[in-house]
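This report refers to the structure that appears directly beneath it.
2 protein chains.
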Amino acid sequence: MTLHHDIARKLAEAGIPLTSQRLLIACELFAEHCHLSADELLLRVGSLTPDISRATVYNTLKLFSQKGLVQELVVDNGKRVYDSNTAPHPHCYNADTGELTDVHQPLQLAGPLPELPPGTALERVDIIVRVRNVA
Amino acid sequence: MTLHHDIARKLAEAGIPLTSQRLLIACELFAEHCHLSADELLLRVGSLTPDISRATVYNTLKLFSQKGLVQELVVDNGKRVYDSNTAPHPHCYNADTGELTDVHQPLQLAGPLPELPPGTALERVDIIVRVRNVA
DNA sequence: CTTCCGGTTTAGACTGTGTCTAAAAACTGA
DNA sequence: TCAGTTTTTAGACACAGTCTAAACCGGAAG
Ligand SMILES: [Mn+2]
Ligand SMILES: [Mn+2]
Ligand SMILES: [Zn+2]
Ligand SMILES: [Zn+2]
C-alpha cells in the first residue's frame, strides 16, 4: 500500500532485516530516482527526527549496494554517489558544475566486449559522457 | 635524441616552461604507458635525488592534464590516476584488486551520442569495463 | 518479568587524498 | 646587481571514508 510498505518488502526480498534507520534511508533513496552521496543523504535524513549517525548512513549504503538495491558510482573528485536506478544506463557528467544526470537514450557498445583478464568476470560497463560548460 | 630531449620538446610544444622537477616527473610518466596516482608518482621520484615536494607533484600533474599531456581518470575509491596515453581508449577495472588496465580493442558506441544538456560541449566519453575476480 | 545474546547503531578517533597559503628559492631581463 | 616574476616548498588544512569499542535494541529462553 504505502511507500513504507513497498520499501519494507523490497528490503525483505533482499534479505535485509528492517530497522527504523534503514527504512528512513531507503525512503529518501527510493522516493525518486536520484544520485546522492553519503553526506548529502546524511544531510537529508538529518533534517528529520531523530538524527541518524554518519556511520550508519555509510554502512547502510554499502549494505544496500552489496545487496543490489542501489548502484555505487564514482565519477569524479573522489565522492561516491548512489544511484537508486540499478539498471545499467549511461550517465552524463558536467565537469564544471559536478552535476550528474541520466542519459535516457540507451547507449550501446558496438561489437563484442573485449576478452576479460583471466580469472575475472564482468560486473558491469560504465559509460560516462563528460561535458563542460561552453564559454 | 635522448628521452630527455623528447620530453623537453613535448613540454615546450605544450607551452610549459621546463624545470628540473617537471622533467623528472614527465620522465617517469612518459617512459612507458602507465596509470599512476599522484602519491605513487611521488614515491617513484622520491627514490631519486633530490626529492620533489608533494605539492609540486600535485601541481605538475594538474598542469600536465590541463595542457593535454596526460589524461586524468577517476575510476574508484577517490584516487585519481594519470594516464600517459591521451588518446580516447576504454579501460578495464578490477574492483577486487584495484588494477586498472587498458582495453586495446577499440570499444565504440553504437549509434549517435545523446543530445547534451544545453550550454555544454562534449569533453570525452569514458568507458570502463568493471570486472571482479571469480570465486 | 528478567536475563541473555546476536545484530545494529553510535560517537569519535583515525587514515588517506587532495587543497591552500605564505615564504623561500630560482629564474629573467634590465 | 637588482627588481620582478614564476616555481617550489613545508606544513596546515579540508574532506570523504574507515575503524573501533561501547551502547543499544529486540527477540528467545528461562
Ligand atoms: Mn542514474
Ligand atoms: Mn589508459
Ligand atoms: Zn518515509
Ligand atoms: Zn629521466
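As given, the protein sequences belong to chains F and P, one line each in that order. Counting in our numbering, the first sequence runs from 2 upward without gaps. Counting in our numbering, the second sequence runs from 2 upward without gaps. A virtual CB, placed ideally from N, CA and C, is assigned to each residue, including glycine.
Could you tell me whether any Cβ in chain P is nearer than 9 Å to the Cβ of residue i?
i	result
valine 58 (chain F)	no
proline 115 (chain F)	yes
alanine 138 (chain F)	The structure shown has nothing for residue 138 (chain F), since chain F only spans 2 to 136.
glycine 112 (chain F)	yes
valine 7 (chain F)	For the sequence presented, residue 7 (chain F) should be read as aspartate rather than valine. So no, aspartate 7 (chain F) is outside the interface.
lysine 68 (chain F)	no
arginine 55 (chain F)	no
glycine 120 (chain F)	yes
valine 135 (chain F)	yes
valine 82 (chain F)	no
Within 9 Å (strictly less), CB to CB, does residue i reach chain F?
i	result
asparagine 86 (chain P)	no
aspartate 77 (chain P)	yes
glutamate 124 (chain P)	yes
histidine 105 (chain P)	yes
arginine 10 (chain P)	no
proline 18 (chain P)	no
glutamine 109 (chain P)	yes
threonine 61 (chain P)	no
valine 71 (chain P)	no
threonine 3 (chain P)	no
If contacts are defined as beta-carbon pairs under 8 Å, then residue i and residue j qualify, I think. What distance do you get, rounded to the angstrom?
i	j	result
valine 71 (chain P)	threonine 121 (chain F)	Not a contact, Cβ separation roughly 27 Å.
serine 85 (chain F)	histidine 34 (chain F)	6 Å
arginine 133 (chain P)	aspartate 97 (chain P)	5 Å
leucine 114 (chain F)	valine 76 (chain P)	Not really, about 18 Å apart at Cβ, beyond 8 Å.
valine 46 (chain P)	isoleucine 17 (chain P)	Not confirmed; about 17 Å, so no contact.
_Closer than 8 Å is the cut-off here; do at least three beta carbon pairs connect the stretch 77-85 of chain P with the stretch 24-43 of chain P?_
yes
*Select from the stretch 24-53 of chain F all residues with a C-beta closer than 9 Å to any C-beta belonging to chain P, and list them in chain order.*
none
*Quick one: which unbroken beta strand (DSSP E) runs of 3-plus residues sit fully inside the stretch 16-62 of chain F? Chain order, please.*
36-38
*Can you list, in chain order, the stretches of the alpha helix (DSSP H) that have 4 or more residues and sit fully within the stretch 70-110 of chain F?*
The qualifying runs do not exist here; there are none.
_So, does the stretch 100-120 of chain P touch the stretch 49-64 of chain P, judging by three or more C-beta pairs under 8 Å?_
No, because fewer than three Cβ pairs between the stretch 100-120 of chain P and the stretch 49-64 of chain P fall closer than 8 Å, the two stretches do not touch.
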